[in-house]
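K.L.:
Have a look at this one before I ask anything.
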Amino acid sequence: MTVSNTGVTAPAGPALPETPARRSGTDAGTPRKSMRERDRSGYLFVAPFAVATGLFLVVPTLYGLWMSFTNQSLTGAGSEFIGFANYVEAFGDPQVWQTLWHTVWFTILSTVPLVLVALVMALLVHTGLPGQWVWRMSFFAPYLLTSAVVWHLSNWMFQPDIGLLDTWITGLGLDPLGWLTDENVAMFSIAGVTVWWTVGFNFLLYLAALQGIPAQQYEAATIDGAGGWRRLFSITLPQLRTITGVIVVLQLLASLKVFDQIYMLTAGGPNGSTRPILEYIYDTGFTNYRLGYASAISYVFFALILVFTLVRLLPARKEA
Numbered sequence: 008m009t010v011s012n013t014g015v016t017a018p019a020g021p022a023l024p025e026t027p028a029r030r031s032g033t034d035a036g037t038p039r040k041s042m043r044e045r046d047r048s049g050y051l052f053v054a055p056f057a058v059a060t061g062l063f064l065v066v067p068t069l070y071g072l073w074m075s076f077t078n079q080s081l082t083g084a085g086s087e088f089i090g091f092a093n094y095v096e097a098f099g100d101p102q103v104w105q106t107l108w109h110t111v112w113f114t115i116l117s118t119v120p121l122v123l124v125a126l127v128m129a130l131l132v133h134t135g136l137p138g139q140w141v142w143r144m145s146f147f148a149p150y151l152l153t154s155a156v157v158w159h160l161s162n163w164m165f166q167p168d169i170g171l172l173d174t175w176i177t178g179l180g181l182d183p184l185g186w187l188t189d190e191n192v193a194m195f196s197i198a199g200v201t202v203w204w205t206v207g208f209n210f211l212l213y214l215a216a217l218q219g220i221p222a223q224q225y226e227a228a229t230i231d232g233a234g235g236w237r238r239l240f241s242i243t244l245p246q247l248r249t250i251t252g253v254i255v256v257l258q259l260l261a262s263l264k265v266f267d268q269i270y271m272l273t274a275g276g277p278n279g280s281t282r283p284i285l286e287y288i289y290d291t292g293f294t295n296y297r298l299g300y301a302s303a304i305s306y307v308f309f310a311l312i313l314v315f316t317l318v319r320l321l322p323a324r325k326e327a
């Protein structure tokens, strides 16, 4: 009810609905204009990265795909379109399948310990070992080394007769091993160096996941009488299942792309027993000058990795 100037009380009318113009005191189109301005500013921030991605990733990828259908040579001679001839040759090339098997074998040898050792290291640190900063630094420090430094250290350790490992073995009364010269031992040596070098990254991922597990779960399990092993298998490992899947996929992709440590330690030897497929692609393109054929092999390898990744990730995505 309202009171008029005449003193007569009159019913109040319905309140007017609040509009964007009433709230802001400006034109209703102003918010939409500001949103457009924000979108433009966002595009300006993204533009440098989009240009760099296009120049250094998209364009080379498309050019390499086109090159795989030609007989392009490193010398510049020949760039004729030859269709799927390079791909047919790649599928029939025994060196492709041999080097692909070496890559898969290295992946198996390195991935399993890189996951298990990283998990054990993270569990040891998470349980509260004294001097944790020393353990964390020791576990992660090798990951910061460059491949050249790793090569020098490994070369010193694997030197025949006078290397660190052979010195230890002969001190125990055993015969020295050809760590990098024996076809049956060389791949194991390279896998061991890779585990020591890169396990620190997986260790950090596991440690971060362990720190994210609520402490109340362990407290409730302790009250119920669960021991350390019971808490490990009933609480810790199930909580780490997601991060373990991520680590496995990342490690498989990294191991399948192995090149530098093998190239520096053995150059694919002895007798080609450690030669990965990326080294064969490198030799084909830059030693034999067949860029077109090397591009075809690389895209076959890329397709195999893509199929493997999809097969591995799709079940996990459905489960999530």
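One point on numbering: in my numbering, the residue at position 166 of the sequence shown is 173, and numbering is uninterrupted. No residue lacks a Cβ here, since even glycine has one placed at the ideal position from N, Cα and C.
Nearest to residue 269 by alpha carbon, out of 256, 284, 206 and 257?
P.N.:
Of the candidates 256, 284, 206 and 257, the one whose C-alpha sits nearest the C-alpha of residue 269 is 284.
K.L.:
Drop a sphere of 10 angstroms on the beta-carbon of residue 302, count the other beta-carbons inside from all chains shown, and report buried for 16 or more, exposed for fewer.
P.N.:
Result: buried.
K.L.:
Given that a residue counts as buried once 16 or more other Cβ atoms are within 10 Å of its Cβ, and exposed if not, what is residue 210?
P.N.:
So residue 210 counts as buried.
K.L.:
With DSSP collapsed to three states, give me the class of residue 28.
P.N.:
At residue 28 the pLDDT is 45, less than 50, meaning the model places this residue with poor confidence; the figure from the coordinates comes in the next sentence. Correct three-state label for residue 28: helix.
K.L.:
Could you check whether residue 183 and residue 167 sit closer than 8 Å to each other, using their CB atoms as the reference points?
P.N.:
Closer than 8 Å, so yes.
K.L.:
Does DSSP put residue 293 in a helix, in a strand, or in coil?
P.N.:
Residue 293: helix per DSSP, three-state reduction.
K.L.:
Can residue 213 and residue 274 be called in contact, C-beta distance under 8 Å?
P.N.:
No, the pair does not count as a contact, with Cβ atoms beyond the cut-off.
K.L.:
List the whole-angstrom C-beta distance separating residue 295 from residue 190, where the pair is believed to meet the contact cut-off of C-beta under 8 Å.
P.N.:
Going by Cβ atoms, the distance from residue 295 to residue 190 rounds to 24 Å, so no, they are not a contact pair.
K.L.:
So, for residue 154: in the same chain, excluding its five sequence neighbours on each side, which residues have a beta-carbon less than 7 Å away from its beta-carbon?
P.N.:
Correct list, in chain order: 267, 268 and 271.
K.L.:
Grouping DSSP H, G and I as helix and E and B as strand, with all else coil, what is residue 91?
P.N.:
Coil.
K.L.:
Could you tell me how far apart the beta carbons of residue 161 and residue 200 are, in whole angstroms, since I believe they sit closer than 8 Å?
P.N.:
Confirmed, Cβ separation roughly 5 Å.
K.L.:
Buried or exposed for residue 121, going by 16 or more other Cβ atoms inside 10 Å?
P.N.:
Per the 10 Å Cβ criterion, buried.
K.L.:
Please classify residue 77: does DSSP put it in a helix, a strand, or coil?
P.N.:
In the structure shown, residue 77 sits in a strand (DSSP, three-state: E or B).
K.L.:
Which value, in whole angstroms, describes the spacing of the CA atoms of residue 57 and residue 187?
P.N.:
So the alpha carbons of these two residues sit roughly 44 Å apart.
K.L.:
Should residue 60 go down as buried or exposed, given a rule of 16 or more other Cβ atoms within 10 Å for buried?
P.N.:
Answer is exposed; the Cβ neighbour count stays below 16.
K.L.:
Taking Cβ to Cβ, would you say residue 116 is nearer than 8 Å to residue 195?
P.N.:
Cβ distance < 8 Å, so residue 116 and residue 195 count as in contact.
K.L.:
Quick check on residue 310: does DSSP put it in helix, strand or coil?
P.N.:
Helix, per DSSP.
K.L.:
Can you name the start and end residues of the alpha helix (DSSP H) that residue 120 belongs to?
P.N.:
From DSSP, the alpha helix (DSSP H) with residue 120 extends over 101-133.
K.L.:
Whose C-beta lies closer than 7 Å to the C-beta of residue 281 among residues of the same chain, with five residues either side of it excluded?
P.N.:
Cβ neighbours of residue 281 beyond the five flanking positions: 109, 193, 194, 197, 269, 273 and 275.
K.L.:
Is the beta carbon of residue 312 closer than 8 Å to that of residue 257?
P.N.:
Their beta carbons are not under 8 Å apart, which means residue 257 does not touch residue 312 by this criterion.
K.L.:
Rounded to a whole number of angstroms, what is the C-alpha to C-alpha distance between residue 289 and residue 143?
P.N.:
One C-alpha to the other measures close to 37 Å.
K.L.:
Tell me whether residue 76 is buried or exposed, calling it buried when 16 or more other Cβ atoms sit within 10 Å of its Cβ.
P.N.:
That one is buried.
K.L.:
The alpha helix (DSSP H) spanning residue 282 covers which residue range?
P.N.:
Careful: residue 282 lies outside any alpha helix (DSSP H) and carries neither H nor E.
K.L.:
Let me confirm a value: residue 9 is counted as buried when at least 16 other C-beta atoms fall within 10 Å, else exposed. Which label applies?
P.N.:
Because residue 9 carries a pLDDT of 46, less than 50, the predicted location of this residue cannot be relied on, and no value is offered for it.
K.L.:
Between the alpha carbons of residue 88 and residue 73, how many angstroms are there, rounded?
P.N.:
Going by the C-alpha atoms only, they are around 9 Å apart.
K.L.:
Of all the alpha helix (DSSP H) runs that stay within the bounds of the region 167-197, which reach a length of 4 or more residues?
P.N.:
Counting whole runs of 4 or more residues, the region 167-197 contains the alpha helix (DSSP H) stretches 171-178.
K.L.:
Excluding five sequence neighbours on each side, which residues of the same chain lie with their C-beta closer than 8 Å to the C-beta of residue 82?
P.N.:
Closer than 8 Å at the Cβ level, and outside the excluded window around residue 82, lie 296.
K.L.:
Please list the terminal residues of the continuous alpha helix (DSSP H) segment that includes residue 253.
P.N.:
248-263 is the span of the alpha helix (DSSP H), which, as asked, contains residue 253.
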